[in-house]
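To keep things clear, I will list the structure first and then write my remarks on it.
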Amino acid sequence: MRKGKAFSVAGKLALGATTLVLATIAVTSFLQYRQQSAALEASQERTASLLATSVSVLAAQDIVKRDIANLSISLRRIAQNNPSITWIAIFDANRKLLARYPEQTTRGLTENIRPIEQEIRHGQTRFGFIQILFDETPLKEARRSLIRTTLMTALILFLAALFLTLTWAKIFSKPIENLAEAAEKVGEGDLTVQVPVPSQDEIGLLSDRFNNMVSQLNASRKRLEQMLNELSTLYSVSRVINSTSDRSEILKLNLETLATGFGFSPVAILIEQNRTWSLAAWRGADPEAPSPLNTGKDVSPLDLDRLNLKGLIESDSVEKVLPNAFPQTWGFEPDKPCLGVTLRSGSTVVGILLAQAAGESTTEADQILSVVASQIAPPILISILTEKEMEKITNPYRYIAQRIEAIQKRALDFGVPVSAVVFETERVPAPGQAAETEKAFDALDRAFRKEYPETALVVRYGLRQFLAIVPGWDKAEARRSLMRAELPHSDSFTTRLFTMPDDARSAQDLFAILETRA
76 MRKGKAFSVA GKLALGATTL VLATIAVTSF LQYRQQSAAL EASQERTASL LATSVSVLAA
136 QDIVKRDIAN LSISLRRIAQ NNPSITWIAI FDANRKLLAR YPEQTTRGLT ENIRPIEQEI
196 RHGQTRFGFI QILFDETPLK EARRSLIRTT LMTALILFLA ALFLTLTWAK IFSKPIENLA
256 EAAEKVGEGD LTVQVPVPSQ DEIGLLSDRF NNMVSQLNAS RKRLEQMLNE LSTLYSVSRV
316 INSTSDRSEI LKLNLETLAT GFGFSPVAIL IEQNRTWSLA AWRGADPEAP SPLNTGKDVS
376 PLDLDRLNLK GLIESDSVEK VLPNAFPQTW GFEPDKPCLG VTLRSGSTVV GILLAQAAGE
436 STTEADQILS VVASQIAPPI LISILTEKEM EKITNPYRYI AQRIEAIQKR ALDFGVPVSA
496 VVFETERVPA PGQAAETEKA FDALDRAFRK EYPETALVVR YGLRQFLAIV PGWDKAEARR
556 SLMRAELPHS DSFTTRLFTM PDDARSAQDL FAILETRA
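Residue numbering for the sequence shown follows our numbering, beginning at 76 and increasing consecutively.
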């Protein structure tokens with residue numbers, strides 16, 4: 076983040092506040108100057124008025140008698156008592172000069188001179204006029220002094236206001252700068268940063284919300300990293316499982332994953348074959364310890380009632396099970412509950428996965444074991460069961476039934492049909508052909524989505540089937556669209572076309588037709 080930017084928040088606040096303060100000081104100083112200057116001028120006006128009144132009282136008879144000598148003496152006395160008077164004269168009612176002081180002419184006396192004229196009255200009688208020339212030098216000096224004082228005061232006030240404004244702007248903008256720096260660190264990947272909450276105002280609320288957001292992001296990243304680690308382990312296991320058909324190797328790999336990858340110990344897998352339960356795989360805390368399977372012990376048929384596992388069969392989630400009835404050779408601590416989850420294929424129970432968590436808390440262990448059971452158990456079952464048994468108990472389209480029905484419901488709301496396009500291989504590819512079939516399905520998947528963007532759902536199950544749900548297609552439109560397009564490898568698969576609701580009123584009807592034809 077750049078420091079000292081010309082248009083930072085603090086600078087903008089200081090500039091705005093300083094401009095406002097400067098304008099306020101300027102207007103206030105101008106008004107004060109005008110007021111005091113007007114007061115000085117009014118003082119001179121009052122002086123002239125008082126002099127005229129005094130002359131009217133003292134010199135009225137002298138004016139009437141035209142006693143020039145007494146008038147001159149009165150004018151000299153007035154001028155001597157008022158240093159600001161430069162020249163003073165008395166005129167009669169006809170504006171004829173009677174007396175003046177001093178005697179020299181007033182021509183040229185224009186600089187710093189202010190003339191004032193007042194009538195000389197006594198009651199309702201006007202006797203004459205008095206003219207006074209005031210020297211404005213003291214007034215201008217007073218004005219200059221007033222200006223200097225006003226400017227000095229304004230400068231002091233401006234500097235004080237500027238200092239206070241900058242200080243306030245820095246205090247106000249500091250939390251925002253902290254947020255900006257923290258946001259930059261978050262952008263660089265540091266999710267441990269926290270900013271101080273300076274107050275309970277809007278800035279404090281924003282800081283608190285920012286801290287909560289970063290904490291949530293940090294927790295989410297940790298959860299995501301954990302999930303990625305788990306998925307990476309599961310993906311590695313799935314790749315190995317898909318590359319081998321050896322049952323013992325698959326079971327061993329899954330036990331190692333649960334023990335070393337997720338910290339479960341011990342771990343046991345029970346399977347049911349021909350209505351008989353038996354221990355199919357086991358791993359204890361010590362990998363070098365002899366397995367019950369290797370020693371020939373406890374591999375006889377198992378009674379789920381005696382093992383307290385009968386209730387687990389009725390549950391679809393991870394449950395706590397007391398292992399006090401388990402054989403001691405399995406290595407489960409009898410007083411510590413273990414976790415159990417039923418391995419299912421469709422609605423048929425085919426096995427049980429038992430594991431004891433290493434830590435005290437089982438919240439994360441429940442989630443991990445549930446993921447392991449749902450993601451790893453199917454490949455184990457595929458290796459255990461024959462293809463005929465697998466097809467009998469597994470419906471490859473069951474898990475998308477709800478999505479198809481949701482698509483169909485939206486289509487019915489708009490009064491349009493829904494078509495299902497199925498590409499299917501004749502049989503499960505041999506191990507050597509699996510990679511080529513996988514590439515063919517990938518190319519077909521990409522081409523179908525690109526050619527028909529209105530496709531709402533594309534699902535592949537293993538290497539045998541490819542199902543596309545396209546709303547708005549009736550059977551004729553579907554045939555025309557498929558004939559116009561050149562889809563890669565489409566000739567290598569059997570293509571089937573079904574229209575809903577003509578061929579099937581629901582997803583279950585569609586699956587029933589597919590299963591019957593398969």
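The beta carbon of each residue, even a glycine, is placed where N, CA and C say it ideally should be.
Is residue i helix, strand or coil when you go by DSSP?
i      : result
Trp548 : coil
Gln199 : coil
Leu208 : strand
Ser581 : coil
Val289 : helix
Glu499 : strand
Ser567 : helix
Thr530 : coil
Ala543 : strand
Phe573 : strand
Leu377 : strand
Val493 : strand
Asn383 : coil
Arg109 : helix
When the Cα atoms are used, what is the spatial distance from residue i to residue j?
i      : j      : result
Val497 : Val446 : 29 angstroms
Ser392 : Glu263 : 40 angstroms
Thr351 : Leu379 : 10 angstroms
Lys550 : Lys297 : 49 angstroms
Leu234 : Phe247 : 20 angstroms
Arg121 : Thr225 : 26 angstroms
Ser581 : Ile588 : 11 angstroms
Phe541 : Asp488 : 27 angstroms
Ser543 : Gln301 : With the sequence shown as reference, residue 543 is identified as Ala, and Ser is not the correct amino acid for it. C-alpha separation (whole angstroms): 33 angstroms.
Glu462 : Glu561 : Confidence in Glu462 is poor, its pLDDT being 43 and thus under 50, which makes the residue's placement unreliable; the coordinate value appears in the next sentence. If I take the Cα positions, the gap works out to 33 angstroms.
Ser565 : Ala518 : 10 angstroms
Arg219 : Glu192 : 26 angstroms
Leu146 : Ala101 : 49 angstroms
Leu679 : Leu444 : Beyond the ends of the chain as shown, which are 76 and 593, falls residue 679; an answer cannot be given.
Lys252 : Ala258 : Sequence inspection shows Glu at residue 252; the Lys mentioned does not correspond to that position. In a straight line, the C-alpha of Glu252 is about 10 angstroms away from that of Ala258.
Leu409 : Leu384 : It should be noted that the sequence gives Pro, not Leu, for residue 409. In a straight line, the C-alpha of Pro409 is about 14 angstroms away from that of Leu384.
Asp596 : Gln155 : Given that the chain is displayed from residue 76 to residue 593, the structure contains no residue 596 and the question cannot be resolved.
Asp441 : Gly336 : 15 angstroms
Phe285 : Glu256 : 12 angstroms
Ala236 : Thr103 : 15 angstroms
Gln477 : Gln291 : 32 angstroms
Contact defined as beta carbons within less than 8 angstroms: I believe residue i pairs with residue j. What is the distance between those atoms, to the nearest angstrom?
i      : j      : result
Phe339 : Ala400 : At roughly 20 angstroms, the Cβ-Cβ gap does not stay under 8 angstroms, so Phe339 and Ala400 are not in contact.
Ala495 : Met575 : 7 angstroms
Ile163 : Leu150 : 5 angstroms
Ala356 : Ile344 : 4 angstroms
Phe202 : Arg170 : About 12 angstroms; that fails the 8 angstroms criterion.
Glu216 : Arg189 : Actually they do not touch by this definition, with Cβ atoms about 14 angstroms apart.
Arg554 : Glu499 : About 18 angstroms; that fails the 8 angstroms criterion.
Thr228 : Val96  : So it is not a contact: roughly 13 angstroms between Cβ atoms.
Ser129 : Phe209 : So it is not a contact: roughly 16 angstroms between Cβ atoms.
Leu354 : Leu382 : Between Leu382 and Leu354 the Cβ distance is about 11 angstroms, and since that is not below 8 angstroms, they are no contact.
What does residue i pair with, by DSSP beta-bridge criteria?
i      : result
Gln193 : Ile205
Leu428 : Ile344 and Val416
Lys395 : Leu414
Ser353 : Ile346
Tyr176 : Ile163
Phe339 : Ala432
Arg535 : Phe541
Arg358 : Val342
Ile188 : Asp210
Report yes if the CB atom of residue i is closer than 7 angstroms to the CB atom of residue j, and no otherwise.
i      : j      : result
Leu585 : Ala579 : yes
Ser388 : Val424 : For the record, residue 388 in the displayed sequence is Ile; it is not Ser. Yes, they are a contact pair.
Ile346 : Gly406 : no
Ala522 : Pro546 : no
Asp283 : Val272 : yes
Cys413 : Pro398 : yes
Arg502 : Phe516 : no
Gln448 : Leu428 : The sequence given here places Ala at residue 448; Gln does not occur at that position. Going by C-beta atoms, Ala448 is nearer than 7 angstroms to Leu428.
Leu328 : Arg358 : no
Leu221 : Gln111 : yes
Leu266 : Asn293 : yes
Gly415 : Glu439 : no
Ile143 : Ala174 : yes
Leu214 : Leu106 : no
Answer yes or no: the CB of residue i versus the heavy atoms of the ligand ATP, is any distance below 6 angstroms?
i      : result
Gln206 : This structure does not include the ligand ATP; it has no bound ligands of any sort.
With a cut-off of 7 angstroms, does the C-beta of residue i fall near any C-beta of chain D?
i      : result
Gln301 : This model lacks chain D altogether, as it is built from one protein chain only.
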